[in-house]
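There are 2 protein chains.
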Amino acid sequence: MSRPLQETLDPPSWEEFRTHSHRVLDELLEWLRTVRDRPAWQAVPADVRQAFQSPVPEQGEGIAAVWDDFRRLVLPYPWGNIHPRFWGWVVGTGSPSGALAELAAAVYNVNAWGGHQASAWVEAQVLDWFKALLGFPETASGVLATGGSVANLIGLAAARDAVGDTIAADGLHGQPAALAFYTSSETHNSVEKSIRLLGVGSRGLRQIPVVPDFRMDLAELERAIAEDRSAGRRPCCVIGNAGTVNTGACDDLQALADLCAREKLWLHVDGAFGALAALSERLRPLVQGLERADSVAFDLHKWLYMPYDVGCVLVRDPEVHRRSFGTRAAYLARLERGAGAGEYDYSALGPELSRGFRALKVWMLLKEHGIAKYTRLIEQNVAQAKYLASVAHRHAELELLAPVPLNIVCLRYCKAPRGKLDDVNREILMRIQERGIAVPSATMLNGRFGIRVAISNHRTQTSDLDVLVERLVEIGREVTNER
Amino acid sequence: MSRPLQETLDPPSWEEFRTHSHRVLDELLEWLRTVRDRPAWQAVPADVRQAFQSPVPEQGEGIAAVWDDFRRLVLPYPWGNIHPRFWGWVVGTGSPSGALAELAAAVYNVNAWGGHQASAWVEAQVLDWFKALLGFPETASGVLATGGSVANLIGLAAARDAVGDTIAADGLHGQPAALAFYTSSETHNSVEKSIRLLGVGSRGLRQIPVVPDFRMDLAELERAIAEDRSAGRRPCCVIGNAGTVNTGACDDLQALADLCAREKLWLHVDGAFGALAALSERLRPLVQGLERADSVAFDLHKWLYMPYDVGCVLVRDPEVHRRSFGTRAAYLARLERGAGAGEYDYSALGPELSRGFRALKVWMLLKEHGIAKYTRLIEQNVAQAKYLASVAHRHAELELLAPVPLNIVCLRYCKAPRGKLDDVNREILMRIQERGIAVPSATMLNGRFGIRVAISNHRTQTSDLDVLVERLVEIGREVTNER
């Protein structure tokens, strides 16, 4: 048989590729360094949007032309979350050295599923660190994931499958009783998505009301569990919040852990950002009890400011964790020695078989900066939120809509006619974004529209919050006068 | 309230950071350029493994020290899949320009969930391209995922939820009948993992036997469906393979599409790597019928050689797709204008809310190289597999264990006593890896141990396969003589 033609994706000239790469790096770093000089957000113009309706590129245009396209069509229109005045939803900032770590991971380009390679030990190392930081035992299991959503999914799958050995084989239809999960009405939507994906159905997720500080009402929780038991349903798991996305409220995790021990229920904690409050001695009391959970999910791309995407789940019982995701397949036959050998198989701990090397950036960044610095940054964001709350509290034209236990401030402009407040504040928020001033986001709290400022941003300075207050009030007056 | 101390993760000196970054880039590129000079794989020494049992880094060690640690502890011990002679499992190679695109994505660091930002249009663009390339209608839905496993999960969730409106709310326990999914016994383990995660239970996945060329036995499939119907179970979905992981076999997708139309079943195609055979006019007949599927999952980090991780799922019916993953939440309240506005919400199409900007590398790489080049590379890998098969076929000491329709060759050394063949070949395979010669992987085919060579590697040259054959036979004799 004749030898096939040999082509490759390696560059025809490494020297030219090197020159191009250094230029790209310089331009990107300069763009990052000057982020404060640009608007926090701007709309994508119609002609740019149009450019993304091109036919399939049959022939290549080459690396230089693509870079120009990127600079023209993509670079000017980010979401804004690297900007010092982006406080929408709960979104992280990333960092320059985080980006370098991602470059290293992409050149290195392993499939970090496990096996015998450095990445397996790097991931074990960072998981061990998080166990220590969150008070989990060394024997616990864990895995990195794309973020809190999938970390929640993994924890909740383990909770479901802990109910009995037969779920993996027989599924939920074959179970004697319908399962019930419990969480507060303030819980992140990824929990409901997970519950549906797991086949439990959204009716199997009881949304327990909250008390006025937005923490789960424990009496209501107990009532719901008792009701389900007497109706023949099978209570399975309580999902506590370490920092709700709306207001940063933390459920009473000690009380939930007590209750779960008493009722023999799995305790999962959604600690997307709030779990990391445990790093700070000062903030730790807010999430006390977290260390007693059966599983905890949290993001590293939010309050540890790592590049997208990376999250983590810890599961106390390694066997239950493996039960949900482990399988055996002929082409995965393990040998005693070689590249596929060894004790690590992260693909048996989450939905993915092929896995990016997320652990690398985590390992490099925690080592570079140290936990003490991350802790100070988290405390800084909380102090900034409390600063904003105190300014808003004293301001005659602003009102706070919720307590500020962590890094989230919900406020609104209040010097407008009562019936128009929601409408006025929606308009204020849109103009703040459109004018590139800042990006807070929207929420509804007790039926009232709120402007939500979630500070998980290491570039924010306190003066940025002064800018927000000043312009918010200015636009508030402007909008009120128009109506 | 006093103003909090201001700290950041930005570098104290951008100039020093720039210098460090250029050094890092140079070292990484040099490492990549010289990959062929290194062993395909090597074990991680004990002292290196030991180094990953360090306590939590309380204080930072700085960026230069971390880089040295990386070079010493991580860089020498990759899995090997960027090496020209890595053909284990089905794993991609990545590429130099892919790594640069990842750098850009990490500096840019958006949360690519959707909304009004360039990333939303970039993803729409690449999804449109894949719809066109795989023959799906423009109106189809789709989303990028971490890889084939999660892409399969998404497609199968849609299949499950297409059964009826009530699954999302009531779950599977509340359904009148148990669901049944059908696939061949050669199917990738991510399908079984998904079926369990979805609450269907592994017994709900019927593993249909294959005919001798490892394609699903259609008569057995029809029998299983009829049997389930008469037993009161609800047939739901057939999962076809476009390229099985074991041998690259492609089920008869036209026949499966006909059967699914007749039986009113969802057709999902796991096309992890094989779906991309559709790019090639010459190979397309193997996967004909793919374009009639209700959903198809495939990887881009395998046979498009993109950096880890990225895969894709296309779903013909956008409403069904959204049904599985869409939710509404107060803090996600959409405004008419601003950063959260717009038509795109990828978080309603998969498990993740926060999402990395995977679409950027896909967009940049497809534009840089063009589809024609990717098609030639895919054909090159298939030609290489056929070359290896023909060499093995003619070689008196080697035998082929399966047909070679695509890029996978299963073979073994056969000049050993019959009862020792499995044992001898296991040992050969381990030595080939341990000596850094090459990384094929293991499988079992019809109860026989096989050495599996899956070529999805743009660095492989035909001469690399000659090296494999030569050393395999040499080690085969060596091992046989020892026993």
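Protein sequences, first through last, are from chains A and B. For the first sequence, the residue numbers in the numbering used here are 1 to 483. For the second sequence, the residue numbers in the numbering used here are 1001 to 1483. Note that CB positions come from ideal geometry on N, CA and C, so glycine has one too.
- Taking 8 Å as the cut-off, the Cβ atoms of P351 of chain A and V1091 of chain B do not count as close.
- Rounded to whole angstroms, E1186 of chain B and T1244 of chain B show a C-alpha spacing of 6 Å.
- Closer than 7 Å at the C-beta level to chain B, one finds these residues of the stretch 181 to 202 of chain A: N189, S190, E192, K193, R196, L197, L198, G199, V200, G201 and S202.
- If you check each beta-carbon in the stretch 249 to 277 of chain A against every beta-carbon of chain B, none falls closer than 7 Å.
- The criterion of a C-beta distance shorter than 8 Å is not satisfied by G80 of chain A and S441 of chain A.
- For a Cβ distance threshold of 8 Å, nothing in chain A lies close to T1480 of chain B: the least Cβ distance comes to about 18 Å.
- With a minimum length of 4 residues, the unbroken runs of alpha helix (DSSP H) contained wholly in the stretch 136 to 195 of chain A fall at 148 to 161 and 167 to 170.
- Residue state for C260 of chain A is assigned as helix, using DSSP reduced to three classes.
- Only exposed fits Q50 of chain A, as fewer than 16 other CB atoms lie within 10 angstroms of its CB.
- Between T1460 of chain B and G1450 of chain B, the gap from beta carbon to beta carbon reaches 8 Å or more.
- Buried is the label assigned to S347 of chain A, since at least 16 other Cβ atoms lie within 10 Å of its Cβ.
- Below 8 Å, enough C-beta pairs join the stretch 1156 to 1174 of chain B and the stretch 156 to 172 of chain A to call them touching: three or more.
- Look at L401 of chain A: its C-beta is not under 8 Å from any C-beta on chain B.
- For F1357 of chain B, at least one C-beta of chain A is nearer than 8 Å to its own C-beta.
- Residues of chain B whose Cβ lies closer than 8 Å to the Cβ of R426 of chain A are, in chain order, L1335.
- Cβ neighbours of G148 of chain A within its own chain (closer than 6 Å, five residues either side excluded): A272, A297, D299 and G311.
- For G1248 of chain B, the closest of B:H1395, B:A1124 and B:V1409 by C-alpha to C-alpha distance is B:V1409.
- As computed with DSSP, G1240 of chain B is found in a beta bridge with B:V1269.
- In this structure, the beta-carbon distance from L1103 of chain B to E30 of chain A does not fall below 8 Å.
- With contacts defined as CB atoms closer than 8 Å, L1259 of chain B and V1287 of chain B fail to qualify as a contacting pair.
- D47 of chain A has a beta carbon lying at 8 Å or more from every beta carbon in chain B.
- DSSP places E1399 of chain B in the strand class (E or B) of the three-state scheme.
- Assigned with DSSP and collapsed to three states, V56 of chain A falls in coil, not helix or strand.
- For R426 of chain A, the CB contacts under 8 Å within the same chain, skipping 5 residues up- and downstream, are A442 and F449 in chain order.
- By the Cβ criterion, the stretch 1390 to 1399 of chain B is not in contact with the stretch 1225 to 1240 of chain B, since fewer than three pairs of Cβ atoms, one from each stretch, lie closer than 8 Å.
- For the stretch 1121 to 1139 of chain B, the set of residues with a beta-carbon nearer than 8 Å to any beta-carbon of chain A comprises W1121, V1122, A1124, Q1125, D1128, W1129, A1132 and L1133, in chain order.
- The beta carbon of Q1042 of chain B lies closer than 6 Å to those of G1436 in the same chain, with the five residues before and after it left out.
- Relative to the Cα of R471 of chain A, the nearest Cα in the group A:D423, A:Y413 and A:H458 belongs to A:Y413.
- If you check the CB distance, R1085 of chain B and A1438 of chain B come in under 8 Å.
- The Cβ-Cβ distance between E263 of chain A and I225 of chain A falls below 8 Å.
- Looking from the CA of T1093 of chain B, the closest CA among A:A106, A:L100 and A:P96 belongs to A:A106.
- Close CB contacts of H83 of chain A within its chain, under the 6 Å cut and outside five residues either way in sequence, are with V35 and A40 (chain order).
- The C-beta distance from G1201 of chain B to I167 of chain A rounds to 7 Å, short enough to fall under 8 Å.
- The C-beta separation of R355 of chain A from N111 of chain A comes to about 6 Å, placing the pair in contact by the 8 Å criterion.
- About 16 Å separates the beta carbon of E1061 of chain B from that of K361 of chain A, a gap too long to meet the 8 Å contact definition.
- Following the DSSP letters along the chain, one finds Y1077 of chain B in no beta strand (DSSP E), marked with neither H nor E.
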